[in-house]
Structure formats: structure tokens, C-alpha cells
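full-length UniProt numbering numbers the first residue of the sequence shown as 1 and each following residue consecutively.
One structure below.
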Amino acid sequence: MPASQGALIWPPSAPILSTLVEEDELPLRDNSIDRLLVVHCLEVAEQVTPFLRELWRVLKPDGRLMIVVPNRRGLWAHVDTTPFGYGRPYSRSQLDSLLHQALFTPENWSTALHLPPLDRGIL
């Protein structure tokens with residue numbers, strides 16, 4: 001978890017599986033990770049480019065990175081009552097530019113959460 005978010009001890013009754021780290025100082029060796037899954041972290045990262053460069057540092061040369069962020073054009077990013085109404089949503093071109101600056105080569109794009117943000121349940 002990014003240091004600015006704080007962290008909870010988890011799980012409470014077993015060895016701790018959560019950690020609190022600085023975004024640009026991950027406690028991992030260079031080229032040591034095969035796959036990275038970054039879910040709703042980029043939109044709240046304090047320094048996006050250094051964070052992405054740190055991901056590049058720890059990812060193996062043939063490693064894969066999957067990033068999940070709110071879509072700037074999506075309705076969810078424009079409604080404050082949803083979890084995606086906070087932080088910085090990204091357009092595809094913004095994300096593409098950031099990834100290239102950090103030496104990544106995007107290969108695939110997809111979208112999800114196509115339902116509109118509603119205050120009450122559908123069912």
C-alpha cells in the first residue's frame with residue numbers, strides 16, 4: 001500500500017500479508033517480479049512517473065504489468081458518490097503517454113464497469 005494511504009494489519013489473526021511502502025522505493029530486487037497487478041493505485045499516486053519507473057525496475061524484462069484505473073470518459077469517474085470519483089481518472093492517451101515515459105510498451109487495452117453509477121440497486 002502507498003505510505004500516504006496508511007495500512008491495516010491484515011489478516012489480524014495470522015502472519016501479516018499487507019505492507020506499507022514508499023511508491024518509489026519498493027522493497028524488491030531489480031528484475032525480480034514476473035507479473036504486477038496495479039489496481040486503483042495510479043490515480044492516487046503522489047508521483048506517477050517515479051512510481052511507474054519503480055515498477056519498471058522490479059519487473060523482469062519479459063514481465064507483464066496490468067493497470068486498473070478509472071476511465072476519464074466514464075460516468076463513474078464523474079460522480080463523487082462512487083469510489084471512482086476520487087483521485088485522477090485517465091484517458092487512454094494520458095495513460096499511454098505515462099507508460100511510454102516510464103519505458104513501458106502498452107500492448108492491450110480494455111474497459112469494464114459499463115453500468116451507470118446509480119444511488120440504488122438495480123435488482
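Note that the Cβ used here is the ideal one computed from N, Cα and C, for glycine as well.
Here the C-alpha atom of residue 99 lies approximately 22 angstroms from the C-alpha atom of residue 27. Between the C-alpha atoms of residue 108 and residue 46 there is a straight-line separation of about 25 angstroms. Under the 10 Å beta carbon count, residue 25 is surrounded by fewer than 16 other beta carbons and is classified as exposed. Within the model, the alpha-carbon separation for residue 49 versus residue 104 is close to 11 angstroms.
In the DSSP assignment, residue 34 falls within the beta strand (DSSP E) that extends over 33 to 39. Here residue 10 is near residue 17, since their CB atoms are less than 8 angstroms apart. For residue 108, no pairing in a beta bridge is given by DSSP. In the DSSP assignment, residue 67 is bridged to 38. The residue among 62, 15, 42 and 53 with its C-alpha nearest the C-alpha of residue 35 is 62. Here the alpha carbons of residue 22 and residue 106 stand approximately 25 angstroms from one another. Excluding five sequence positions before and after residue 64, the CB atoms of its chain that fall closer than 6 angstroms to its own CB belong to 35, given in chain order. For residue 59 against residue 33, the beta-carbon gap comes to about 5 angstroms, under 8 angstroms, which counts as contact.
DSSP places residue 56 inside the alpha helix (DSSP H), whose first and last residues are 48 to 58.
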